[in-house]
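The opening position of the sequence shown corresponds to residue 82 in the numbering used here, with each subsequent residue numbered one higher.
Don't be surprised by glycine CBs; every beta carbon is placed ideally from N, CA and C.
The structure displayed is predicted, hence computed values, not measured ones.
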Amino acid sequence: MDDPVAFVKVKKKSHCIRALSLFLVACAYLCGSILSMKKVGILGGGQLGRMIMQAAANYPVETYLMENDPACPAAHLCHHFIKGDITNFDDVYQFGKGLDAVTIEIETVNEDALAKLESEGVNVYPRANTLRIIKNKIKQKQFYKDNEIPTADFVITQTLADLQQHASFLPAVHKLAEGGYDGRGVQVIRTKEDLAKGFDAPGILEKMVIIEKEISQIIAVNEKGETSLFPPVDMVFDPNLNLLHYQLSPATLPDKIFWKVEAIAMKLVRALKSPGLFAVEFFVTKDGEVFVNETAPRVHNSGHHTIEGNYCSQFDMLLRIMLSYPPGNTEPILPAAIVNLLGEKEHNGPAQYDGLDEVLQMDNVFVHIYGKRETKPGRKMGHVTILSKEKQELIHKARHITQVLKVRSNK
Ligand code: ADP
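Below is the structure:
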């Protein structure tokens, strides 16, 4: 090329073309990596959904959330919020269509829609059929019986009149088949006179167990059927509210009971035939008998300490399963206690957290506020995790935090 001006122009042009192609390659790469990001959906946006979202933030994943309340605890942590009713077939189906994996934070999700999604290739945790068994206490108890999973004896009742026929079965506990949670839907029936306090709806009447302690075992199952067990935890209940008061991890159990619990949990999840994460609640009696009380097919209040207390948290483990990553290490880093932050009695309205400064000055104490604007008596507003090598210190701090940290209404 003789003309130097033309030569410079051609050179500039070729630089532009090269820059443009580099830009296009970068765009294609970026789009490719965005497109290859798995899309994961969570049905329910309460504190459990919120903590799943917090764990999801560590992974290459695009998150979707469905909940009726756009101001729910998990809403601002997801990539895509879809307002909808988790009990409604169409809402759940439309939400899950096109996602890679879907999970639940509460059992009331429409399981027919989950079954349809499953048949169309969406990975659903837990499987729809497992949810169908667990969400109904009659089916759940029958399942334990059919699969020889130890559980307290029970009879099925359909109406209050039906319940009256079972005076010889007392003392017992009457439980609603569906819709009960956190002790609502559970009625102790000690005497013939108490029978009138039962539910006039389908349920089970379960023999009263003389409970020495209640423990929870969290167990995760991946798509290959590999199981990971978290150390069991001791659950200490508030007798007035029937809500978890505080909990200690790992539970103090004789080896024999510990092995029984593990073996039963493994047998149970194998029979459920579903990948996912499960919390199995047990009653342990003075004589060393172990009964399954109930199973939750999802992350659970009794596993919140795993966020700081274990190498892999229950939330991280669930995501690993949903994203087909290897399971994490469930070993504890340190023993832990959890205190639930419940709305104070007689306080309804915008929430304020009294005593937070004092608690935040304590060593190895981790506060989780769920971001619910309104408090109500007994409402779960947050939790606090305490870590220590010393069990006595855990108990002491748990009790102290219960005394100083209060959720009140500022109205
Ligand atoms: P929810 O599903 O509402 O948590 P549960 O079935 O777990 O209800 O019962 C709540 C609490 O009631 C249990 O944690 C336990 O303390 C007590 N309870 C339930 N069933 C029995 C039983 N068969 N015997 C004695 N206590 C029971």
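Does the beta carbon of Asn-217 fall short of 7 Å from some heavy atom of the ligand ADP?
To locate residue 217, count along the sequence shown from 1; it is residue 136. Flag unset: Cβ of Asn-217 not near the ligand ADP.
Looking at the strands, I want to know which residues DSSP matches up with Leu-423.
In the sequence shown, the residue the question calls residue 423 occupies position 342. Answer is Lys-461, bridged to Leu-423.
By Cβ distance, which residues of its chain are closer than 6 Å to Tyr-110, with the 5 residues on each side in sequence left out?
As a position in the sequence shown, residue 110 is number 29, starting the count at 1. Bear in mind that a pLDDT of 49 at Tyr-110, under 50, signals an unreliable position, so the number given afterwards is only what the model happens to contain. So the list is empty, once near-sequence residues are dropped.
Give the straight-line distance between the Cα atoms of Phe-364 and Leu-358, rounded to the nearest whole angstrom.
Translated into the one-based positions of the sequence shown, residue 364 becomes position 283. Translated into the one-based positions of the sequence shown, residue 358 becomes position 277. Each residue's Cα considered, the two are about 20 Å apart.
According to DSSP, what are the bridge partners of Phe-364?
In the sequence shown, residue 364 corresponds to position 283, counting from 1. Answer is Glu-295 and Phe-372.
Give me, in chain order, the residues of the same chain whose beta-carbon lies closer than 6 Å to that of Gly-463; leave out the 5 immediate sequence neighbours on both sides.
Residue numbering aside, residue 463 sits at position 382 when the sequence shown is read from its first letter. Leu-422, His-449, Ile-450 and Tyr-451.
Nearest CA to the CA of Asp-336: which residue from Lys-164, Pro-312 and Pro-356?
Position 255 of the sequence shown holds residue 336. The shortest Cα separation from Asp-336 among Lys-164, Pro-312 and Pro-356 belongs to Pro-312.
My output table needs one value for Phe-396: the three-state DSSP class, helix, strand or coil.
Translated into the one-based positions of the sequence shown, residue 396 becomes position 315. In this structure, Phe-396 counts as helix in the three-state DSSP scheme.
By Cβ distance, which residues of its chain are closer than 7 Å to Lys-197, with the 5 residues on each side in sequence left out?
Within the sequence shown, numbered from 1, the residue matching residue 197 stands at position 116. The answer, listed in chain order, is Tyr-174.
Only counting the same chain, and skipping five residues up and downstream in sequence, which positions put a Cβ closer than 7 Å to that of Gly-470?
In the sequence shown, residue 470 corresponds to position 389, counting from 1. The question names Gly, but residue 470 in the sequence shown is Lys. The residues are Leu-415 and Pro-416.
Please specify which runs of the beta strand (DSSP E), each continuous and at least 3 residues long, are wholly inside the region 161-235, giving them in chain order.
161-164, 182-185 and 204-206
Considering Cα atoms alone, identify which of Lys-354, Ile-285 and Gly-409 is closest to Glu-304.
Residue 304 sits at position 223 when you count from the first residue of the sequence shown. The residue with the shortest Cα to Cα distance from Glu-304 is Lys-354.
Endpoints, the beta strand (DSSP E) within which Phe-447 is located
The residue you call residue 447 lines up with position 366 of the sequence shown. Segment 446-450, the beta strand (DSSP E) holding Phe-447.
For Arg-265, count the other beta carbons within 10 Å of its own beta carbon; 16 or more makes it buried, fewer makes it exposed. Which is it?
Your numbering for residue 265 matches position 184 in the sequence shown. Arg-265 is exposed by the Cβ-count criterion.
Out of Lys-367, Val-440 and Ser-309, which has the shortest C-alpha to C-alpha gap to Ala-344?
Walking along the sequence shown from the start, residue 344 turns up at place 263. It is Ser-309 whose Cα lies nearest to the Cα of Ala-344.
Compare the C-alpha of Glu-370 against each of Ser-330, Gln-484 and Ile-338 and name the closest.
By one-based count along the sequence shown, residue 370 stands at place 289. If we check each option's Cα against that of Glu-370, Ile-338 comes out closest.
Which listed residue (Gly-284, Gln-245, Ile-476 and Asp-315) has its alpha carbon closest to that of Asp-275
Residue mapping note: residue 275 aligns to position 194 of the sequence shown, counting from 1. Among Gly-284, Gln-245, Ile-476 and Asp-315, the Cα nearest to that of Asp-275 is on Gln-245.
Do Phe-318 and the ligand ADP come close, with the Cβ less than 7 Å from some heavy atom?
The count along the sequence shown starts at 1 and reaches residue 318 at position 237. Because some heavy atom of the ligand ADP lies under 7 Å away, the Cβ of Phe-318 counts as near it: yes.
Would you call the region 157-175 and the region 386-405 touching, i.e. three or more CB-CB distances under 8 Å?
no
The beta strand (DSSP E) with His-255 in it runs from where to where?
Locating residue 255 in the sequence shown gives position 174, counting from the first residue. Where His-255 is concerned, the enclosing beta strand (DSSP E) stretches over 253-257.
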